[in-house]
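Taken in sequence, the protein lines are chains V and H.
Using this note's numbering, the letters of the first sequence correspond one by one to residues 56 to 626.
Using this note's numbering, the letters of the second sequence correspond one by one to residues 56 to 626.
Backbone N, C-alpha and C define an ideal beta-carbon position, used for all residues, glycine too.
Written below as structure tokens is the structure these notes are about.
2 protein chains.
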Amino acid sequence: MPYRAPINEFSFIFDKIVGLGDVTSTPLFEDASHDVVTAILAEAAKLSDEKLAPVNRSGDEHHTVLENGVMRAAPGYGEAYQAIAEGGWVGIAARPESGGMGLPMTVASAVNDMMGAACLSLQLVPLLSMGQIEALEHHAPDAIKELYLPKLTSGEWTGTMNLSEPQAGSDVGALATKAEPNGDGTFSITGQKIWISWGDADFAENICHLVLARLPDAPKGTKGISLFMVPKFLPDADGNPGERNDLRVVSIEGKMGLHGSPTCVMEYSGAKGWLVGPEGGGMAAMFTMMNNARLGVGVQGVSAAEGAYQHALAYAMERKQGRTPVEGPGTIVDHADVRRMLAESKCDIFAARCIALACAAAIDMGNATGDAAWKARAAFLTPIAKAFGTETGMRVSETGVQIFGGMGFVEETGAAQYYRDVRVTAIYEGTNGIQAMDLVARKLMDGGEAAYALLDEIEADAEKARATLPELAEPVWQATETLREATEWLVSQGDLQDRFAGAVPFLMGFARVLGGYYHLKAALAEGGEGTRSRLAKFYIDRLLPEHIGLLTHARQGAVDLYAITHDDLVA
Amino acid sequence: MPYRAPINEFSFIFDKIVGLGDVTSTPLFEDASHDVVTAILAEAAKLSDEKLAPVNRSGDEHHTVLENGVMRAAPGYGEAYQAIAEGGWVGIAARPESGGMGLPMTVASAVNDMMGAACLSLQLVPLLSMGQIEALEHHAPDAIKELYLPKLTSGEWTGTMNLSEPQAGSDVGALATKAEPNGDGTFSITGQKIWISWGDADFAENICHLVLARLPDAPKGTKGISLFMVPKFLPDADGNPGERNDLRVVSIEGKMGLHGSPTCVMEYSGAKGWLVGPEGGGMAAMFTMMNNARLGVGVQGVSAAEGAYQHALAYAMERKQGRTPVEGPGTIVDHADVRRMLAESKCDIFAARCIALACAAAIDMGNATGDAAWKARAAFLTPIAKAFGTETGMRVSETGVQIFGGMGFVEETGAAQYYRDVRVTAIYEGTNGIQAMDLVARKLMDGGEAAYALLDEIEADAEKARATLPELAEPVWQATETLREATEWLVSQGDLQDRFAGAVPFLMGFARVLGGYYHLKAALAEGGEGTRSRLAKFYIDRLLPEHIGLLTHARQGAVDLYAITHDDLVA
């Protein structure tokens with residue numbers, strides 16, 4: 056049951072849902088013609104289907120191991136990574152002057168989706184490098200850019216993010232790693248970092264660590280944090296990997312999933328580093344990388360969902376069990392509850408993918424036009440794309456296990472791997488709770504302007520669709536009104552705790568309504584008849600109504616929540 | 056962060072929610088005085104906290120292995136099992152004439168809840184034996200009863216269920232294992248069985264397999280199935296384990312979780328067996344065992360949720376991260392979203408536990424009074440208890456991982472074990488989809504009588520509560536009306552597919568409303584002030600509204616679902 060990249064799905068979403076045409080009409084992306092994009096999708100599909108999917112099970116079965124300080128990736132990973140690097144995929148969204156293809160994030164996200172569905176553990180390597188490339192493009196001094204960017208975009212070197220420390224996970228401001236000036240413009244970095252994905256890789260010539268640390272006498276909290284480039288091997292005069300830097304992988308975490316991707320504890324013992332961005336500007340630089348990564352992780356959720364869904368669908372099409380109520384092959388796909396599970400999964404994947412790609416398109420429009428409204432749209436959609444994408448990954452992979460029945464609980468089928476692997480995506484790059492808090496606090500600091508602009512757009516489109524597809528358009532319009540009221544309620548809460556108390560249900564309710572909107576657009580695009588219209592009807596009739604419960608929850612505030620005491624929770 | 060059995064919770068639910076007093080007022084259960092029950096809870100808590108919880112991690116870390124045909128349970132399991140056996144816990148609900156304590160299923164379910172929370176893998180051993188004991192009590196000839204029941208209730212011997220075969224999982228009627236008469240009243244059993252939990256155990260003297268098989272010339276389908284007792288060792292003249300029977304464990308499945316419990320492929324090669332129940336009556340006998348086990352598995356879901364919740368709560372109370380918005384220890388329990396996750400978990404565990412214990416109490420009342428209405432109530436609640444209990448297990452253990460953040464994805468904390476272990480409970484003993492189909496088809500064959508009786512009871516209680524607790528009573532009453540309409544809609548569908556299409560959402564919606572009812576009762580019991588009232592308000596305001604989306608989904612029917620073609624799902 057091999058993975059097949061859904062390239063038609065991407066083309067459809069590009070053309071009919073998120074307006075890639077508007078992106079590629081801008082001077083910045085004018086080279087991304089329709090033909091180029093089509094060719095890119097086809098090539099990425101080939102890479103994913105033929106090179107990456109075949110090593111997916113290998114990473115789960117063999118794990119990555121640390122032997123005498125040397126990291127050994129799973130069998131096949133090295134070759135698969137070379138295929139990614141040689142295809143230029145790491146640099147797909149990097150600027151041409153960095154050695155990249157300069158393609159829109161929308162297209163890069165579709166490529167990440169395919170690579171992630173094929174092999175999530177390995178796809179994390181280019182994803183991290185992409186985030187680092189963007190951070191360097193925006194914040195690094197020219198010398199660093201010239202030295203590192205060509206190596207990163209070519210995939211010869213790989214990138215990591217080093218934020219967390221044992222007492223500073225979600226609270227980055229608490230970190231204690233130190234950076235002492237060496238007097239020659241470089242710094243000595245000392246401290247321990249945790250949760251470093253791909254902290255080492257035996258298939259890369261060099262590993263480029265972007266490390267958050269504090270300069271001496273820096274203020275407490277996030278304002279005292281600076282960002283440093285700390286490579287595993289110090290580049291020599293020719294820019295090639297030279298002397299070994301004073302950093303090492305101390306240990307690898309024993310995780311529930313994503314075994315192919317080593318999660319490292321890193322020790323920096325006076326390692327040489329170079330400042331990226333201004334002193335004390337570490338968080339701003341890191342946010343560039345994190346925003347990129349947040350969308351990327353949301354896409355990972357969608358991709359794991361796609362992989363799990365295809366895997367379960369193939370099984371459902373083949374597995375005979377009991378009498379089926381309709382004529383056909385007599386396989387479980389024709390049992391009502393199995394078909395419900397598959398239809399739910401299919402509909403949610405579409406919704407989550409559209410949200411992620413709409414976010415990517417907004418990023419592209421913001422970059423291409425500089426328009427604040429597009430930037431605000433991108434910022435608003437990022438936490439939704441991250442949290443709903445990864446929630447969808449969990450739900451669909453859970454459903455995939457369920458469709459396999461007992462065989463889903465047995466590791467050899469592979470259904471369990473999707474379920475275990477994707478679990479971390481709801482946690483890393485900021486837990487989904489952190490995403491929701493970001494949404495209701497920072498992303499509503501504009502008084503709801505970005506949110507309302509999106510709601511206005513949905514209602515205008517639903518209004519227009521009333522004439523042709525009233526049974527789909529009306530519930531979407533109604534749901535959007537309910538969402539508007541919930542948004543207004545949140546915006547009007549002066550105490551942030553009242554927003555935080557319902558942040559996750561609000562985010563999920565927002566995503567449910569957005570999903571209805573994109574399904575409606577899909578049905579409209581085919582004139583209300585066909586595959587997409589049938590799926591839209593399923594989603595709007597059966598899944599969209601969940602917004603009512605979620606948005607009711609979102610509006611309850613913090614008082615009753617904090618009335619529940621510690622003793623109440625223990626009792 | 057050790058497990059502490061929540062005995063006050065059980066006492067409260069016994070007294071105020073499910074009416075254990077009515078059960079123990081019947082002649083059948085008159086020995087189960089309040090003092091006896093209190094002592095039983097205390098002893099079971101001691102067993103769970105001190106003997107079972109300490110071996111929980113061992114089963115996950117060491118797995119059970121098959122070495123040269125010999126099964127080796129995880130270190131510590133043997134001693135822990137002896138503690139269960141010696142305490143008489145296997146026979147807690149067995150009849151006194153079987154060597155049991157004759158206590159109500161309600162009490163036994165609380166004991167199972169505690170044992171399961173402490174060590175789910177091991178608790179499966181007594182759970183399976185309990186089901187077998189009940190099946191033998193109801194269906195076995197006297198000779199079998201006299202020989203096996205004392206050994207099973209004492210825990211010296213353990214029991215298994217053998218239903219599934221490679222092509223007959225959910226479709227039991229397709230099984231092919233043969234039973235040939237030996238001419239001496241015994242039978243030769245030949246065939247392969249899969250998914251046999253604890254198909255062997257090195258801490259039991261004998262393993263008693265109840266095996267479904269077909270007699271020669273038996274009709275096809277479920278009517279041709281008979282049930283046989285097939286022990287690992289043939290009892291000798293004194294009833295002690297004698298000659299080795301011709302059966303063996305072929306292999307153990309490599310599973311995602313529940314590693315301490317070996318899931319076996321069993322080969323019967325002309326093994327000697329004895330008929331249990333009439334020829335062709337295998338399914339009826341097996342259903343006795345399965346109904347018992349379905350409630351038992353629902354309780355497993357609740358128990359895993361309790362274990363995961365306590366584990367996550369202890370972490371949340373200790374872990375410092377970021378600034379908390381209220382005065383206190385500055386730990387993450389005081390972050391709004393963490394508290395929301397904990398409150399949701401706490402409220403859902405209460406709801407699921409009340410449903411399971413209400414089901415158990417109905418079983419007890421049915422057994423004690425013979426009243427058809429109680430039996431119908433028990434039958435109706437069983438699939439809800441199973442599916443909602445295990446769904447709660449999945450949701451709460453997922454939340455537990457989330458509360459741990461990155462540490463939840465790392466195996467050493469143990470949060471992941473709950474998540475992996477509980478996953479199978481939504482699958483085995485009939486997947487949750489099968490439970491939901493049972494609910495909307497067989498359990499509504501009475502025209503909805505059992506369902507409406509329950510809804511009438513809720514509305515009458517809510518009606519009474521309106522005067523004192525209107526803000527809790529009114530939403531529960533309203534939700535019950537919505538549920539009544541959905542039930543009426545389902546009952547009126549002549550084509551079962553129209554019910555099946557929304558079966559799972561209906562079951563979950565029903566559970567949501569039941570949960571509201573039990574929370575309301577809990578608040579009433581303390582006069583609307585205190586811990587339970589605060590939790591009830593949280594549940595009713597924030598979680599109960601989910602029923603709207605679920606019950607809307609439940610009423611959509613099969614037409615649009617089957618309009619989605621195979622090609623639509625693939626596209």
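In this structure, V:VAL331 sits near V:HIS194, with a CB-CB distance shorter than 8 Å. At least one beta carbon of chain H lies nearer than 8 Å to the beta carbon of V:TRP250. Residues ALA60, ILE62 and MET169 of the same chain have their beta carbon placed closer than 7 Å to that of V:ALA100, with the five preceding and five following residues left out of the count. Using a Cβ distance threshold of 8 Å, H:LEU265 and H:ILE280 do not count as a contacting pair. For H:LYS275, not one C-beta of chain V is nearer than 8 Å to its own C-beta. The contact set of H:ALA613 on chain V, defined by CB atoms closer than 7 Å, consists of ALA391 in chain order. Counting only runs of 3+ residues, the beta strand (DSSP E) found wholly inside the stretch 251-280 of chain V occupies 261-269, in chain order. At a cut-off of 8 Å between beta carbons, V:THR468 makes no contact with chain H. Taking the Cα positions, H:LEU510 is about 23 Å away from H:ASN346. The Cβ-Cβ distance between V:VAL320 and V:SER306 falls below 8 Å. Distances from the alpha-carbon of H:MET185 to those of H:ILE199, H:CYS174, H:ASP197 and H:THR208 put H:THR208 closest.
For H:PRO296, DSSP records a beta bridge to H:PRO290.
In this structure, the CA atom of H:LEU202 is about 42 Å from the CA atom of H:VAL559. Residues of the same chain with a CB within less than 6 Å of the CB of H:ALA273, apart from the 5 flanking positions on each side, are GLY279 in chain order. Straight-line spacing of the CA atoms in H:LYS275 and H:LEU177 works out to 36 Å. The CB of V:PHE593 comes closer than 9 Å to the CB of GLN611, ASP615, LEU616, ALA618 and ILE619 in chain H, given here in chain order. V:ALA442 places its beta carbon 8 Å or farther from that of V:VAL357. Counting along the chain, the unbroken beta strand (DSSP E) around V:LYS327 starts and ends at 318-331.
In the three-state DSSP reduction, H:ASN346 falls in the helix class (H, G or I).
The contact set of H:ILE603 on chain V, defined by CB atoms closer than 7 Å, consists of PRO600, ILE603 and GLY604 in chain order. Rounded to whole angstroms, H:LYS287 and H:MET216 show a C-alpha spacing of 13 Å. Counting along the chain, the unbroken beta strand (DSSP E) around V:ILE307 starts and ends at 302-307.
Proximity to H:TRP532 across H:HIS602, H:ASP553, H:LEU121 and H:LEU183 peaks at H:HIS602, based on C-alpha coordinates. The Cβ neighbour count for V:GLU399, taken over all protein chains shown within 10 Å, is at least 16; the residue is labelled buried. Secondary structure of H:THR245 (DSSP, three-state): strand. Listed along chain V, no residue sits closer than 8 Å to H:ILE147 by beta-carbon distance, the nearest being about 26 Å off. Within 10 angstroms of the beta-carbon of H:THR454 lie 16 or more other beta-carbons, which makes it buried.
Only buried fits V:HIS390, as 16 or more other CB atoms lie within 10 angstroms of its CB. As the crow flies, the alpha-carbon of H:ALA434 is around 33 Å from that of V:THR607.
Judged by DSSP secondary structure, H:TRP212 falls within the beta strand (DSSP E) whose first and last residues are 212-217.
At the C-beta level, V:ASP419 and V:MET160 come within 8 Å of one another. Closest by C-alpha distance to H:PHE561, out of H:THR79, H:ASP615, H:ALA348 and H:GLN611, is H:GLN611.
Using a Cβ-Cβ distance cut-off of 8 Å, the stretch 89-96 of chain H and the stretch 224-242 of chain H are not in contact, since fewer than three pairs of beta carbons, one from each stretch, lie closer than that value. Less than 8 Å separates the beta-carbon of H:CYS409 from that of H:ILE72. At least one CB of chain V lies nearer than 8 Å to the CB of H:VAL465. Straight-line spacing of the CA atoms in V:GLN355 and V:LEU175 works out to 7 Å.
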